[in-house]
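Just below is one structure, and these are the notes that go with it.
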Amino acid sequence: MPESVASLKRENSKLKDQLSVMADEIAKMKEMLLEQSKKPAATNDEVEQSLEFMSKEYDDFERFRVSAGKELDRLGAMLDEIAVEVNRVSRSIDEFQEYSYQYNVKIVGVPQLSQDESSASTSELCDCLFKAIGSAVSIHDIDTAHRVPTRSNDNGGPRPIICRFIRRLSKDDVMNHKRNASKVAPSAVGLPDGASLSAVRIFDHLTPRMQKVLFEAKRFKEQFHYQYCWSKGSLVYLRKDTTSRAIKIKDITDLHRLTNGQIGHSQVGMTTDHEWIPCTGSTSGNGLKKYELGTIPFVNKRVSVVRPSRVVAGKSEECMTIDVNRLHAKCPMTDFVEWVLLSWKFATVRYFSPFNVKNLKCEAPFVGNFWNTENRCPFHWKITESSWYVPS
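Below, the structure is given as structure tokens:
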């Protein structure tokens, strides 16, 4: 049984308190760094040349460096702990929402009886509609029904209805007859003859997270020419054609895996002139296919990276494979993106994410709240090219 809303709110409050503590600790670290940088330089030439003075300055700096390193390690560990808690609370919220939403249906295209339609009137309207499509449910099977706002209320269309049932069996019975919804006569549900129910559709009520999954699945369907994409219960499904099996999509990562399985784990080589150069050990062949920025059709979990200086005579002398799942976005913006690489320093990397590709180039180190776990050295990346090639 999912955790209660009150419990989740308490957990969320604790996480906020921890984040507040982290913010205070980071502020203290910044003050320490500022004080260290503002220390006055010696003005006496004889003192500056003194080995004793230089040794003392080095010792002070080394102690500060060690202290700062330990503090950063401690803050990093705290961030990791908070991240684990955030993930746990997020999963609990998802479980609670999915448990609650499984009793609901979403009905679109039903004309409103009035602008101030009451919940009781909406429930009666739903009851008439369900009877008209052949369902055996009654008004006593409905817990509540109400209209909900949409992002595009300005189009003048009727607002969708969320109808919550007392039992799952009642909802399932309605969903089994939903195909008849657009064939119902307006008079059967108490609407005037001039009204139309031809646009009525009945759907499972998806959680906000699953609505995003459905949106991405529909994009995937169009991009890879799948014939079917639909939702049932709390899940999303894809189907290539009438002869293929349905593929269950639980979250965005399922789309990633499906993409990898379809396209394969091709390796992307580095170039300086927008041309594909196979990496050492690559079995992709010489086939080339060009994709503009933002239209790359697959997501690789591992990318082969080559230093441009090592590209000789169309072949890659040196190749390093990294895990793109360890590239974490810091603050994506319109004209540049800051990323942190947690594995290897190199001149240029081509990184792609779901339905998007960015050619990122290391410009210069920067100071921020994200560090390389090995040597605490962050990097600043930005988009440098608009198109590139991958194996077809």
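Everything in the sequence shown is counted per our numbering, starting at 7 for the first residue and increasing by one.
Note that beta-carbon positions come from the ideal geometry of N, C-alpha and C, so glycine has one too.
Cβ contact annotation for I99 (same chain, cutoff 7 Å, sequence separation greater than five): L14, in chain order. In terms of CA proximity to D133, I168 leads the group M35, K34, I168. In this structure, DSSP gives K246 a state outside helix and strand, which the three-state scheme calls coil. In the assembly as shown, S129 is a buried residue. Its beta-carbon has 16 or more other beta-carbons within 10 Å. The closest CA to that of I32, considering only E228, S240, S237, G75, is found on G75. Here L21 is near V95, since their CB atoms are less than 8 Å apart. In the DSSP annotation of this structure, the continuous segment of the alpha helix (DSSP H) that includes D179 starts and ends at 174-182.
Per DSSP, F209 is one residue of the beta strand (DSSP E) stretching across 207-210. One alpha carbon belongs to S73, the other to A223, and they sit about 49 Å apart. For the options I113, V114, D23, the alpha carbon positioned closest to that of V92 is the one of D23.
When the Cα atoms are used, K112 and R157 turn out to be separated by approximately 15 Å.
If the five residues before and after H152 are omitted, its C-beta is found closer than 8 Å to the C-beta atoms of S125, T128, I167, I168, all from its own chain and listed in chain order. T156 carries a coil assignment under DSSP once its states are collapsed to helix, strand and coil.
Here R170 is not near V154, since their CB atoms are 8 Å or more apart. When C-beta atoms of the segment 217-234 are compared with those of the segment 142-152, fewer than three pairs fall below 8 Å, so the two segments do not count as touching. As DSSP reads the structure, F171 sits in a beta bridge with I148. In the structure shown, K227 adopts helical secondary structure according to DSSP, grouped into three states. Secondary structure note for S237: its beta strand (DSSP E) is the uninterrupted segment 234-238.
Contact annotation: L203 and S188 have beta-carbon atoms nearer than 8 Å.
For the 8 Å CB-CB criterion, A138 and V190 form a contact. Taking 8 Å as the cut-off, the Cβ atoms of P117 and A194 do not count as close.
For K112, the enclosing beta strand (DSSP E) covers residues 110-114.
With 16 or more other Cβ atoms from the protein chains shown falling within 10 Å of its own Cβ, V180 counts as buried.
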